[in-house]
Amino acid sequence: MRFRDRLAIRVDTFIQLTLNGLTLGSVYALIALGYSLVYGILKLLNFAHGDVFMVGTFIGFGALRLLGGSSSPVVPVWLLLTLMTLAAMGGCALLGVGIERFAYRPLRDAPRIAPLISALGVSFFIAYSMQLMFGADLKNYDTFSMDNGALYFKGFNIGSVRVDLIRIITIGAAFVMMILLWLLVTRTRLGKAMRATSHDREAAAMMGIDIDKVIVFAFVLGSALAGAAGVLFALRIPTYATIGFLIGLKGFTAAVIGGIGSIPGALAGGLVLGFAESYTQGYVSTRWSDLFVFLILILFLLFRPQGLLGKADIRKV
Amino acid sequence: MKRRGGMVLASAVTVAAALASTAGASSTAAAQTQGISCGSTLKVAMVAPFTGGAGFLGNQQLSWAKYAVKTLAPKLGLKVSLVTGDTPVEQGPAIAQTLAQKFVSDKSVVAVIGPSTSGAVAASSQTYFAAGMSHISESATRTDLTKGATREGTPAFFRVVPGDYIQGPTDARFMISKGAKNVVLFDFQEPYSQGLSDAAAAVLKAKGVTVTRLSVSNTTTDYSSFVTKVPSDADFVFFPTQKPGDAQNFAQQLIEQGKKAKVFGGDGSNDPTQFKVPGSYVSNFAPDISGITTDKAIIAGWKNANPGQSLGSFGPPTYLAVQVALQAIKYACVAGHGQLKNRAAVWANVKKVKIPVSILGGPFRFSTKSNDPLNATFYIFQIQSDGSYKLVS
Numbered sequence: 001m002r003f004r005d006r007l008a009i010r011v012d013t014f015i016q017l018t019l020n021g022l023t024l025g026s027v028y029a030l031i032a033l034g035y036s037l038v039y040g041i042l043k044l045l046n047f048a049h050g051d052v053f054m055v056g057t058f059i060g061f062g063a064l065r066l067l068g069g070s071s072s073p074v075v076p077v078w079l080l081l082t083l084m085t086l087a088a089m090g091g092c093a094l095l096g097v098g099i100e101r102f103a104y105r106p107l108r109d110a111p112r113i114a115p116l117i118s119a120l121g122v123s124f125f126i127a128y129s130m131q132l133m134f135g136a137d138l139k140n141y142d143t144f145s146m147d148n149g150a151l152y153f154k155g156f157n158i159g160s161v162r163v164d165l166i167r168i169i170t171i172g173a174a175f176v177m178m179i180l181l182w183l184l185v186t187r188t189r190l191g192k193a194m195r196a197t198s199h200d201r202e203a204a205a206m207m208g209i210d211i212d213k214v215i216v217f218a219f220v221l222g223s224a225l226a227g228a229a230g231v232l233f234a235l236r237i238p239t240y241a242t243i244g245f246l247i248g249l250k251g252f253t254a255a256v257i258g259g260i261g262s263i264p265g266a267l268a269g270g271l272v273l274g275f276a277e278s279y280t281q282g283y284v285s286t287r288w289s290d291l292f293v294f295l296i297l298i299l300f301l302l303f304r305p306q307g308l309l310g311k312a313d314i315r316k317v
Numbered sequence: 318m319k320r321r322g323g324m325v326l327a328s329a330v331t332v333a334a335a336l337a338s339t340a341g342a343s344s345t346a347a348a349q350t351q352g353i354s355c356g357s358t359l360k361v362a363m364v365a366p367f368t369g370g371a372g373f374l375g376n377q378q379l380s381w382a383k384y385a386v387k388t389l390a391p392k393l394g395l396k397v398s399l400v401t402g403d404t405p406v407e408q409g410p411a412i413a414q415t416l417a418q419k420f421v422s423d424k425s426v427v428a429v430i431g432p433s434t435s436g437a438v439a440a441s442s443q444t445y446f447a448a449g450m451s452h453i454s455e456s457a458t459r460t461d462l463t464k465g466a467t468r469e470g471t472p473a474f475f476r477v478v479p480g481d482y483i484q485g486p487t488d489a490r491f492m493i494s495k496g497a498k499n500v501v502l503f504d505f506q507e508p509y510s511q512g513l514s515d516a517a518a519a520v521l522k523a524k525g526v527t528v529t530r531l532s533v534s535n536t537t538t539d540y541s542s543f544v545t546k547v548p549s550d551a552d553f554v555f556f557p558t559q560k561p562g563d564a565q566n567f568a569q570q571l572i573e574q575g576k577k578a579k580v581f582g583g584d585g586s587n588d589p590t591q592f593k594v595p596g597s598y599v600s601n602f603a604p605d606i607s608g609i610t611t612d613k614a615i616i617a618g619w620k621n622a623n624p625g626q627s628l629g630s631f632g633p634p635t636y637l638a639v640q641v642a643l644q645a646i647k648y649a650c651v652a653g654h655g656q657l658k659n660r661a662a663v664w665a666n667v668k669k670v671k672i673p674v675s676i677l678g679g680p681f682r683f684s685t686k687s688n689d690p691l692n693a694t695f696y697i698f699q700i701q702s703d704g705s706y707k708l709v710s
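Protein chains in written order, with this note's numbering: chain A, 1 to 317; chain B, 318 to 710.
Laid out in C-alpha cells, this is it:
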C-alpha cells in the first residue's frame, strides 16, 4: 500500500473517531448538565441521575411501541422521534420531582453523607425495579427499520467518512438543548433565581426566592435533559435496565472534568470525555477505555478539582 | 441467662440446618434407588431461558417440547408431564445449578431436556450425573461439553445438535467460498465466541485469508470504535454473539460508518425478529424444516397447536431431544417390565435410540465416540430484504 493511501486511511480513522467521540460526548454533556444543575444548587451528587437517564431510554422505547413501532409507525419519523423525546423528557422530569420529594428533601438538613447514600439507594432501586418489570434483555429501538434505513443511509461525507442522519440528529438535538438551557439560565427570572440560589441559598431565601421551587425546577430540568439524552443515546445503542449506573458515572466524570456546577463546563467535560474514550478505544485499546476515563477523573480531582471551567471553592476559615 | 439462651438457640439452628441438608441428600439418594411405575405420570424437566435476552429461544423450544410430549408420549404408551426451569442468560449459569438440585430432588423427574445453553450445562451437568439423570440438550453447542481434556459435560450429557467444532470451520469455509480475502473475527471474552473464532481463524489462515482478531467485553453495547477498526476492504465480520440484538446493533453501526463487510453471526444470533439487516449471514445447527417433506404433518400439527407463531429453527431440535428422551424411557420401561428401576436406566438407553427419519431430516443416532449426533452439520442462512432467513448452504 502506498504512503498516500496509508495516510488517507489514518486521516479517515481520526475523523471517524472524532465523530464517534462527538456523538458520545454530546450525550455525556446532557447527562453532566443534570449533575451540574443539582450540584450547583443543592451541593448534592445525585447518583440516581444515571438511572433517570436509563428510565428515559425505556420511556422512549415504550412511546415507540405505542406509536406503532419502528417499521410501521403511525406518524412520520420526525414526529415519532420528537414525541419519543418529549415523552422521555416529561416522564423523567416527573421522576426527578419524585426523587427530590421523597429521597432528598427529607434529608436536606441531614449530614451530607445521608443524601449521598440515599442517592445510591434510589439508583439501585430504580435499576432493579425496571429490570423486574421489563426484564433484563436489550431494548433496541431498531432505528434501522425506520423509513427503510433512511437514518443510516442519508447524510453527508467528510472524505470517505459518512456522517449519517442519526448522528446529525443526536449531536444537533443535544446542542440545541444545551443552548436552550443556557438561555433559560442566563436570560429568564427563574434562571436568575437558580443562579442566586446556587451562589448563596440562605441569602436567596432572604431575598424572597422560593428555594423549594428552584430546587424542584433544577431537578425537572436536569431529569428532562437526562430523558432526552436517553432517547438520543438509545437511537443508536440498545439499552437495558442496569445501563444507567456506568453511563451516569461517566456523566458525573464529565461534570467534574468541566467543573461541576458550570453549564459550559458540562459541555466541555462531556466532549473531552467522549473524545478521550473514543481515541483510547481507537488508538490504544478498547479494553482500556473505561480505565482511562476514570483515570482522568482521579487526575482532575487530584490536580484540578474545580475542573476546566469551574471556579475554585475558596472558603474563609 | 440471656447468653445461655442464645447459645441454645444457635445450637438448635445448627442442628436444624444439618438435618435439612441431610434430608435433601437422602431424598436424592432415594430418588435414585426407588423404582417408579411406568403407568404413573412421569415428569420430564425442561431447562431453558424463558425470560431475558434469549427468552425467544426458550419459548420457541418450549412450544416444540410441549407439542412433542403431547403427540409422542401417547404413541409410546407413556404418561408424561413437562416441568420447566427458567435460566435467563443475564443471571449467569448459577441458576442452572439451583434448578438441577430441584429436579434431582423430585423423584418423578426421570430425564431433562436441556439445559439449552452451554454455560448452564457446564454448571449443572455434574449434579445430574451424580443423580444418574440423563440431560439431553437441544442447543448447547460448546465444544468442551463433549470433547477435549477439560470436558465440561459429564457422560450423562447428550446433545442432538452438532458442536462448535463443526460450526466454526463450516462458517469459515463458507466465507472462503464467497471469495473472502479479509475477515475480522470477534470474540466476547467468553468460551463460546472464543472457541468459534479460534476454529474459524484456523481454517481462514490456512487458506491465506487475512484475519484480524478483535476482542470485546460481552457487556459492550456501543461498537462504534470497533467498527472504526474494521478495515474498509474487509469482506466479512465474524460476530458470534449470543445476543441477536447485539448483532443487529453491530450491523447497523457498520452501515453507519459506511463499511461494506457483511456480518456473519453464529447460532446465538439466529433470531429473525431481532437480527434483520439484509445481506448478513447466520449459521445454525438446525435447518429450516419447512422444506423437509417428511415433516409436513408435524409442522401442520405444531402450527395448529401454536397459531400465529413462526416456525423458527431453534424449536425442531427440541422435538428431537424430547423424542430421544421418551424413546429411552420406553426402552427402560420395557426392560424393567413396566417398572422404571431408576433414572440411570433411562440414561443407559439414551444412546440406543435410533430414529430412522428425524425432524431435522434423515436418520438420527448418536456417535459411538461421543454423545454428539452422528454426521450432524451446520446450516447457513442469509437475511433477505424482507427480514426472512434463506438457507444458502
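Cβ coordinates follow ideal geometry from the N, Cα and C atoms, glycine included.
Taking a C-beta distance under 8 Å as the contact criterion, residue 603 of chain B and residue 706 of chain B do not qualify as a contact pair.
Here residue 690 of chain B is bridged, per DSSP, to B:683.
The Cβ neighbour count for residue 606 of chain B, taken over all protein chains shown within 10 Å, is at least 16; the residue is labelled buried.
Contact check between the stretch 669 to 687 of chain B and the stretch 465 to 472 of chain B: fewer than three CB pairs, one atom from each, fall below 8 Å, which does not count as touching. Shown here, residue 51 of chain A sits in a helix according to DSSP, grouped into three states.
C-alpha of residue 702 of chain B to C-alpha of residue 594 of chain B: approximately 8 Å in a straight line.
Under the 8 Å criterion on CB atoms, residue 28 of chain A is classed as non-interfacial with respect to chain B.
Counting other Cβ atoms within 10 Å of its Cβ, residue 452 of chain B reaches 16 or more and is therefore classed as buried.
Looking at B:588, B:670, B:456, B:629, the one whose alpha-carbon comes closest to that of residue 648 of chain B is B:670.
Here the C-alpha atom of residue 292 of chain A lies approximately 10 Å from the C-alpha atom of residue 286 of chain A. For the options A:37, A:17, A:218, the alpha carbon positioned closest to that of residue 251 of chain A is the one of A:37. Think of a sphere of 7 Å around the beta carbon of residue 4 of chain A: no beta carbon from chain B falls inside it, the nearest being about 15 Å out. Under the three-state reduction of DSSP output, residue 148 of chain A falls in the helix class. Contact between the stretch 475 to 488 of chain B and the stretch 531 to 539 of chain B is absent: fewer than three C-beta pairs spanning the two stretches fall below 8 Å. With fewer than 16 other beta carbons inside 10 angstroms of its own, residue 299 of chain A counts as exposed. Setting aside the 5 residues that flank it on each side, residue 128 of chain A has no residue in the same chain whose C-beta is closer than 7 Å to its C-beta. Pairing residue 386 of chain B with residue 485 of chain B, the inter-Cα distance amounts to about 33 Å.
Spanning the alpha carbons of residue 121 of chain A and residue 226 of chain A requires a straight line of approximately 19 Å. With contacts defined as CB atoms closer than 8 Å, residue 530 of chain B and residue 518 of chain B qualify as a contacting pair. Residue contact check for residue 541 of chain B against chain A: a CB pair falls below 8 Å.
Residue-level contact check: residue 135 of chain A touches chain B, since one or more beta carbons of chain B fall below 8 Å from its beta carbon. Note on residue 570 of chain B: 16 or more other CB atoms within 10 angstroms of its CB, so buried under the neighbour-count rule. When B:631, B:708, B:692, B:553 are compared, the shortest CA-CA separation from residue 699 of chain B is found for B:708. Within the same chain, Cβ atoms closer than 6 Å to the Cβ of residue 693 of chain B are found at 479, the five residues on either side in sequence being excluded. In this structure, DSSP gives residue 429 of chain B an extended state, which the three-state scheme calls strand.
Counting the other CB atoms within 10 Å of its CB gives residue 89 of chain A a total of 16 or more, which places it among the buried residues.
Within the stretch 263 to 284 of chain A, those residues whose Cβ lies closer than 7 Å to any Cβ of chain B are, in chain order, 278, 281, 282.
Look at residue 427 of chain B: its C-beta is not under 8 Å from any C-beta on chain A. Take residue 193 of chain A, set aside five residues on each side of it, and the residues of its chain with a beta-carbon closer than 6 Å to its own are 209, 214, in chain order.
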